[in-house]
Amino acid sequence: MKSIIVALALLFSVTAGAAQQSLYQQFGGKQGIADITEEMLFQVGGDERIAHHFEDVDIVRLHRLLTEQICQVVGGPCEYTGDTMKASHRNLGISTGDFNVLVEHLIRAMEKFDIPTSAQNQLLAKLAAMHNDVVEE
Amino acid sequence: MVSKSLKLVAAVILSCTSATVAANDGTRLLATGGATSIEGSAGGGIVPWATLSSYAGESQVGATAALSEVSVDDFRLSVAAASVNFYNRLEVSYAKQTFDLSTIGGELKQNIVGVKARLYGDLVYGDWPQLSAGIQHKTNQTFALPNAVGAKDDSGTDYYISAAKAWLDGFGHRTWVANLTVRNTKANQLGLLGFGGDQQDRRWQLEGSVAAFINRYWAVGVEYRQKPSNLSFAREDDWKDLFVGYFPNRSLAIVAAYTDLGSIAGLDNQHGWYLSLQASF
Numbered sequence: 001m002k003s004i005i006v007a008l009a010l011l012f013s014v015t016a017g018a019a020q021q022s023l024y025q026q027f028g029g030k031q032g033i034a035d036i037t038e039e040m041l042f043q044v045g046g047d048e049r050i051a052h053h054f055e056d057v058d059i060v061r062l063h064r065l066l067t068e069q070i071c072q073v074v075g076g077p078c079e080y081t082g083d084t085m086k087a088s089h090r091n092l093g094i095s096t097g098d099f100n101v102l103v104e105h106l107i108r109a110m111e112k113f114d115i116p117t118s119a120q121n122q123l124l125a126k127l128a129a130m131h132n133d134v135v136e137e
Numbered sequence: 001m002v003s004k005s006l007k008l009v010a011a012v013i014l015s016c017t018s019a020t021v022a023a024n025d026g027t028r029l030l031a032t033g034g035a036t037s038i039e040g041s042a043g044g045g046i047v048p049w050a051t052l053s054s055y056a057g058e059s060q061v062g063a064t065a066a067l068s069e070v071s072v073d074d075f076r077l078s079v080a081a082a083s084v085n086f087y088n089r090l091e092v093s094y095a096k097q098t099f100d101l102s103t104i105g106g107e108l109k110q111n112i113v114g115v116k117a118r119l120y121g122d123l124v125y126g127d128w129p130q131l132s133a134g135i136q137h138k139t140n141q142t143f144a145l146p147n148a149v150g151a152k153d154d155s156g157t158d159y160y161i162s163a164a165k166a167w168l169d170g171f172g173h174r175t176w177v178a179n180l181t182v183r184n185t186k187a188n189q190l191g192l193l194g195f196g197g198d199q200q201d202r203r204w205q206l207e208g209s210v211a212a213f214i215n216r217y218w219a220v221g222v223e224y225r226q227k228p229s230n231l232s233f234a235r236e237d238d239w240k241d242l243f244v245g246y247f248p249n250r251s252l253a254i255v256a257a258y259t260d261l262g263s264i265a266g267l268d269n270q271h272g273w274y275l276s277l278q279a280s281f
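Those protein sequences? They're chains A and B, same order as listed.
By this note's numbering, the letter at position 8 of the first sequence is numbered 8, and the numbering carries on one by one without gaps.
By this note's numbering, the letter at position 220 of the second sequence is numbered 220, and the numbering carries on one by one without gaps.
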């Protein structure tokens with residue numbers, strides 16, 4: 001039992017080192033975030049489960065807004081200039097399943113750029129709090 | 001028996017590979033389908049959770065197949081189970097348990113039909129936990145021995161309510177999951193030793209699980225399950241385990257655990273290993 005506690009303590013302390021850097025820095029700054037959102041949108045475009053939600057969307061604008069938003073959420077020097085989550089998703093009929101698929105692609109994109117799990121979780125928790133404004137049950 | 005299990009495991013792994021596409025279409029996040037508990041319901045190892053099986057989202061139907069083995073000092077439990085999840089609203093499950101009395105000799109068998117309904121909420125989103133209610137109807141196939149040691153019935157139904165919640169950014173910036181289940185039961189050792197007895201009959205029991213995800217694919221956790229003690233012939237203890245879960249993709253879940261099952265049928269200190277393999281479709 002003691003060795004298990006020690007092992008657990010070690011696993012958690014591995015990530016404590018990463019906390020020396022700010023969350024924004026762990027995401028590679030604005031360029032890192034722009035790369036992640038680009039990768040995410042690229043994957044979304046190829047996913048027939050949710051691609052239809054993006055058919056009439058200006059992807060370049062969406063990429064800029066998402067990058068701003070994530071940058072702001074992780075404490076970077078950016079200001080999100082888009083509409084509120086509620087206003088921008090009104091009547092789009094987005095389900096919890098659609099939301100999950102997008103989250104899945106974001107996670108994959110973060111993994112591709114080797115973002116530490118602890119940093120991923122901090123962003124995901126903040127985005128998950130927007131679920132109720134995005135999804136129409 | 002062993003070679004039969006191995007063949008089944010091989011079949012599960014094979015069917016897993018061919019079902020990758022179907023499971024990958026599931027619109028729930030990795031690991032939120034959990035594992036298959038020893039009674040066939042989606043959950044941890046020994047506790048049914050509020051989460052429903054597979055990765056089926058609100059407009060999908062999903063399924064799972066699982067094999068589990070619990071090997072302690074004097075006993076061995078083998079479980080083959082399957083489930084279907086309709087629209088992440090209703091889970092129907094079936095499990096066949098074989099309990100090998102390695103030291104005493106002989107075996108006990110029972111079948112379990114389970115139904116679980118998601119009543120409220122979502123494991124991941126919102127401030128409140130996901131809430132589900134379920135039943136497990138158990139039919140003992142080998143009632144002669146349970147009857148001889150004082151069990152009253154050869155079948156019984158458990159009723160339970162479960163609440164489960166995930167914290168994406170929990171302690172240590174890890175994702176944590178907790179589940180609490182309240183069960184009303186008259187089963188002796190899951191029902192393998194029949195139902196009801198000379199000591200008491202129906203009772204409420206508390207069961208809980210806590211797990212931390214080290215990363216997206218690996219979780220470690222503990223489970224605790226209160227047990228009744230209806231038969232004066234042998235004391236029944238609470239169960240606990242310490243587990244590691246591995247979710248390499250949406251098709252496969254592997255859970256290994258160290259378990260402490262206490263006293264079973266008069267033989268004390270039953271410790272050992274638990275291994276479960278689940279395929280999702």
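Beta carbons are placed, not taken as given, at the ideal position from N, Cα and C, and that holds for glycine.
None of these values were measured; they are calculated from a predicted model.
- The shortest C-alpha to C-alpha distance from B:N88 to any of B:A95, B:A151, B:Q97, B:L131 is the one to B:L131.
- Between A:Q25 and chain B, the shortest Cβ-Cβ separation is not below 8 Å.
- B:F75 has B:V72 as its beta-bridge partners, per DSSP.
- B:K240: member of the beta strand (DSSP E) spanning 239-249, first to last residue.
- The C-beta of B:S59 comes closer than 8 Å to at least one C-beta of chain A.
- About 10 Å separates the beta carbon of A:I36 from that of A:C71, a gap too long to meet the 8 Å contact definition.
- Taking C-alpha positions only, B:N215 is separated from B:A56 by approximately 22 Å.
- The distance from the Cβ of B:V79 to that of B:I38 is about 5 Å, consistent with a contact at the 8 Å cut-off.
- In this chain, A:H52 is not harboured by any beta strand (DSSP E), its DSSP state being neither H nor E.
- Rounded to whole angstroms, the Cβ separation of B:E91 and B:T98 is 23 Å, and the two are not in contact under 8 Å.
- A straight line joining the alpha-carbon of A:V103 with that of B:D154 spans about 47 Å.
- Remark: three or more beta-carbon pairs, one from each stretch, lie closer than 8 Å, so the region 181-196 of chain B and the region 222-232 of chain B are flagged as touching.
- In terms of Cβ geometry, B:G33 and B:S59 do not form a close pair [threshold 8 Å].
- Considered as a whole, the region 119-147 of chain B harbours 130-140 as its complete beta strand (DSSP E) runs of no fewer than 3 residues, in chain order.
- DSSP places A:Y24 inside the alpha helix (DSSP H), whose first and last residues are 23-26.
- Nearest to B:V115 by alpha-carbon distance, out of B:D260, B:P48, B:N269, is B:P48.
- With contacts defined by Cβ atoms closer than 8 Å, B:S71 and B:G272 form a contacting pair.
- When 9 Å is used as the limit between beta carbons, A:T117 is near these residues of chain B: H173, R174, T175, F213, I214, N215, R216, in chain order.
- Residue pairing from DSSP leaves A:R108 without any beta-bridge partner.
- Separation of the CB atoms of B:D169 and A:N121 is rounded to 4 Å, and the pair is thereby assigned contact status at 8 Å.
- Scanning B:L206, B:L77, B:R203, B:A163 for the CA closest to the CA of B:D122 turns up B:A163.
- Within the DSSP secondary-structure output, B:I38 pairs in no beta bridge.
- Residues of chain B whose Cβ lies closer than 9 Å to the Cβ of A:R61 do not exist, since the nearest Cβ in that chain is about 26 Å away.
- In the three-state scheme derived from DSSP, where H, G and I count as helix and E and B as strand, B:Q200 is classed as coil.
- Taken through DSSP and simplified to helix, strand or coil, B:A56 comes out as coil.
- Excluding sequence positions up to five before and after B:K109, its CB lies within less than 6 Å of the CB of T98, Q141, T142, all in the same chain and listed in chain order.
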